[in-house]
Structures are given as C-alpha cells and as structure tokens.
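Below: the structure, in structure tokens.
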Amino acid sequence: MNGELSEDDVHLFATLRSMSIVRGIVYPPAVQAYRLRMAERTGIDLHDHIAI
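Sequential numbering of the sequence shown, starting at 28, is according to our numbering.
Listed below in structure tokens is the structure:
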C-alpha cells in the first residue's frame, strides 16, 4: 500500500481476509501489518476473531 489503493490491493486484501478464517496462520510481520492497515483503512473486519 503506497498511499492510494490499487486494484492489486483490493485483490490481495480480499485473499488475506478470506485466509483469516483459518486459525493458526502465522503471517510474516510485513504481511500482518498490511492486513491490519488495510482492515482499518477500508473499515472491513478480518475474520481472526471467528477463525476455525
């Protein structure tokens, strides 16, 4: 994320959000930071709290 959302950001965040339903995935620090920034910026929650 370089300040403006790109189509790549939309697709990547959608994939990472879908993956967040899986409990136990350990993301590299940069990916974790990206997931959290994108969730905050878009107002779309991750599924970490309901992961199975």
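Glycine residues also receive a C-beta, built at the ideal position from the N, C-alpha and C atoms.
| Asked | Found |
| --- | --- |
| So what does DSSP say about residue 31, is it helix, strand or coil? | coil |
| Tell me the rounded alpha-carbon separation between residue 35 and residue 79. | 27 Å |
| In the DSSP assignment, find the unbroken alpha helix (DSSP H) run with residue 54 in it and report its ends. | Careful: residue 54 lies outside any alpha helix (DSSP H) and carries neither H nor E. |
| According to the Cβ coordinates, are residue 43 and residue 62 closer than 8 Å? | yes |
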